[in-house]
Amino acid sequence: MVPVLFVISMVMIPGFGSPLSVISLLVIGSLLGIASIGQTLTILLGGIDLSIPAVIGLANVLTVRWYGDGLPFPLVVLCVVAIAMAIGAVNGILSRVLGAHPLLITLAASFMILGGVLVYTEGRTIGTVPDYLLQAVSPAGRTGPVPLPLIVIVWFLMSLLVVAVEQFSVPGRLLFATGASERAARLALAPVTVIWAAAFAASSACAAIAGILLAGFSGGADASVGQPYLFQTVAAVVVGGTALLGGSGSYARTFAGVLLITELTTFLIGLGFSDRIQQVMLGLLIILLVAIYGREPHVRTQI
Amino acid sequence: MRMRKTALAAAAVVSAAFLAMGARADEKSVVSLDGLKLATPTAEQKEALNQLPEALRPYYAGYWLLAKIGPDPYANWTPPKAPWKFCYNDSYQGNAWRQNALDKYKALVEEYKKKGLASGDLVVTNSNNDINVQLSQLNNLVREGCNVILSIPSSPTGLCSGIKDAHDKGVLVVTVESPVLCPEAVNVGFNEYFVAAKTAKWVADSLGDKGTVFLINGIPGLAPTAARHQAALDVLGNYPNIKVIGEVEGQWTPSVTKTNTLKFLATHPQQVDGVVDSGLGAVAAWQAFEQSGRPLPKINGFVGECSYLAYVKEKGIPVYSTSQGGAAAVWTGFDVATRMLNGEKPVVSTLLMPLPEITPANFDKWYKPDMTVQSTCFAESPDGRRVSPEFLDQYFKKS
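Protein chains in written order, with the numbering used here: chain A, 1 to 303; chain B, 304 to 702.
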């Protein structure tokens, strides 16, 4: 579907296939793609992470502020990602210990995070970002000899890593096993709480990386910069074909979902449709795809 | 007055042609901007405009897209004696604009306190954009004995019952920057339509009535978004050689503006000469052009954010922005409130004003060296005001 839509777009919209246009799409896709990694992992578990926009906002504001205060950039990144992972781990652990749906836990977390950011910054989001971060997310940027901005390469590498972990490692299998049936996984002595903590920590880490990159993308701090990424990450996962019930799917599918959504919205903008029509079309696409995927029985009943 | 003049002129020379011309001229004074045709008011809207002194009418162009004009709701009000208790019914405090507004209001009240005109410190509430919370906070402020409440309502109708109650108890409620539709409120703000028309006019003029432009819109579903959008389209309709090639949803958010501009540019390979921005999108749009390897178009500023000033300074490109600074906004509201406390009566309930303009001629007065492209601050006008006291005089009845 991705290549088909691409060819249609190229024919219908002049300039769609030019190298710079394609790179622009990849940059926009990378931001969504990186944020969607975490969403895929939590949905594979049968959970969901609603705190992604808040963590993006947190990382965005803290990065700009701390770098502006003169801390070295690598240290800033390290601290921000560490804080995010701690938040994510708490999300995962609380979801299991309290037996509450992560929908509630992560929703509560996102209120606390955004409120905390506003309290900490007193609404004054001043600061700056390094020039190389601006370059890393600029469609005109380069990575050494490669004519692609760093963010696209980071996204590709992270995608390969995530897919490899999913398919070929023990933690990956535990993730699928827990998602397919938590009870069975417990009986097989899988460390369910640890897996949840790890998946949500990874989710927050990816959101934090997206938030840091967004600081370069928009060049300033904004606690609400993550807002579009709540439904978009879920949509990317669903359009890709990962089941919301967990246990079946993969980031490779989400990767395709991200490309499809980015391509589709760009295609619609190219045809001059307003944002509202784009939302209608995206909704139709989701229903269409769910109708197709929904015909497959859940993995639990396939064994 | 004007009608009689027209009739006299018509009687003096041959009638019909002059009558028609007179009627056209009259309409022009209401709906035009330096000769450009703008939105035409209905008969009812025209009648509302006729309550205003003629000099003010142009500043009310398209007012019906964002506000209602009624008679002064405090016409029969006897102002309380000084010292007064000043209060602030704010709806959000999470950005630099709101902080500037709050700081300014506090400072103004502090000044009044020193002069013995204010009875204490400013009392502040903040509802975090929850209109129900804001309403109960407003009711509390009335109960606590505030004489004047400045409010930035988060909905055009949600506070009406509280405002009516305050009005009935003799408390003066003045909304700042977001006019409400309640008949008992005094509203002070800028005319979204008029200001957006000015910015669009600058873009069109700076292109010399030739070329392609696209629009960047605000958050869908809000009155200011619709008013600004309509103004841009109305103005550009006067320029036959300017082609509008599309619209981008920027939502007054740089990251969203940049994402959607990049998508737009990826699908519009033709040259783009200008962009009409409806707020906070200019720098993000320029960066999208830059990073797509395209020449920089002419883009207006709207709010007067520091990053806009820093960017045009850095690139040496043409500048035109209106300034919607928070401190100046709240000062205007404070001015109106204190004039009313001193017995002055506004000509109508809703006072819509133009915004100060940042142009090459006065750029150095607005620009500060510490502004950078990444600043999230807003430029405040050199004299701190939105309009001069003499200009504000026009909004009050001559006693």
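Heads up, the beta-carbon is just placed ideally off N, CA and C, and yes, glycines get one too.
Quick caveat, the model's predicted, so the values are computed rather than measured.
Boundaries of the beta strand (DSSP E) around L654(B): T653 to M656. For E552(B), the nearest CB of chain A lies under 7 Å from its own CB, placing it at the interface with that chain.
DSSP places P598(B) in the coil class of the three-state scheme, outside both helix and strand. Any Cβ of chain A closer than 7 Å to the Cβ of Q354(B) would place that residue at the interface, and such an atom is absent.
With a cutoff of 7 Å on beta-carbon distance, N429(B) and Q396(B) are scored as near each other. In this structure S481(B) is buried. Its beta-carbon is surrounded by 16 or more other beta-carbon atoms within 10 angstroms. In terms of Cα proximity to N541(B), the closest of G521(B), A682(B) and K504(B) is K504(B). As DSSP reads the structure, P649(B) sits in a beta bridge with F699(B). Between K701(B) and the set D580(B), T570(B) and K648(B), the nearest pair of CA atoms involves K648(B). For T128(A), at least one C-beta of chain B is nearer than 7 Å to its own C-beta. With distances taken between CA atoms, L189(A) lies nearest to A177(A) out of A177(A), A197(A) and F200(A).
Listed in chain order, the alpha helix (DSSP H) runs fully inside the region 12-88 of chain A are 19-44 and 52-68, counting runs of at least 4 residues. A direct Cα-to-Cα measurement between G47(A) and I287(A) gives close to 20 Å. At least one CB of chain A lies nearer than 7 Å to the CB of S595(B). Put simply, the CB of P171(A) is far from chain B, with every gap to its CB atoms at 7 Å or more. Runs of alpha helix (DSSP H) with 4 or more residues, each lying fully within the region 247-303 of chain A, are found at 251-270, 275-293 and 299-302, listed in chain order. Nearest to L271(A) by alpha-carbon distance, out of V2(A), P14(A), V7(A) and V4(A), is P14(A). By the C-beta criterion, the region 273-281 of chain A is judged not to be in contact with the region 190-203 of chain A, since fewer than 3 inter-stretch pairs fall below 8 Å.
Short of 8 Å from the beta carbon of V426(B), and not among the five residues preceding or following it, lie these beta carbons of its own chain, in chain order: K388, F389, C390, Y391, L444, E447 and C449. Taking D222(A) as the centre and dropping the five residues before and after it, the same chain places the C-beta of G57, N60, V61 and T125 closer than 8 Å to its C-beta, in chain order. The C-beta of S218(A) comes closer than 7 Å to at least one C-beta of chain B.
Chain B places a beta carbon closer than 7 Å to that of P139(A), counting this residue as a contact. Within chain B, A569 have C-beta atoms less than 7 Å from the C-beta of L25(A), given in sequence order. Sorting V162(A), S224(A) and A108(A) by C-alpha distance to the C-alpha of A205(A) places V162(A) at the top. In the structure shown, T460(B) adopts coil according to DSSP, grouped into three states. The CB of V477(B) never comes closer than 9 Å to any CB in chain A; the least such distance is about 23 Å. Uninterrupted beta strand (DSSP E) stretches at least 3 residues long and entirely within the region 500-543 of chain B occur at 514-520, given in chain order. Under the DSSP assignment, D393(B) falls in the beta strand (DSSP E) whose first and last residues are F389 to D393. By the criterion of a C-beta distance shorter than 8 Å, T528(B) is surrounded in its chain by N520, G521, I522 and S581, once the five residues flanking it on both sides are discounted. Less than 7 Å divides the Cβ of T478(B) from the Cβ of P456(B).
Neighbours of A221(A) across chain B, judged by C-beta separation under 7 Å: T679.
For the 7 Å CB-CB criterion, I151(A) and L213(A) form a contact. Chain-ordered listing is empty here: chain B has no CB closer than 9 Å to the CB of R253(A), the nearest sitting near 23 Å.
Within the region 426-483 of chain B, the runs of alpha helix (DSSP H) that reach at least 4 residues and sit entirely inside it are, in chain order, 434-446 and 463-471.
The beta carbon of V498(B) lies closer than 6 Å to those of T625 and L658 in the same chain, with the five residues before and after it left out.
In the DSSP assignment, N665(B) falls outside any alpha helix (DSSP H) and carries neither an H nor an E.
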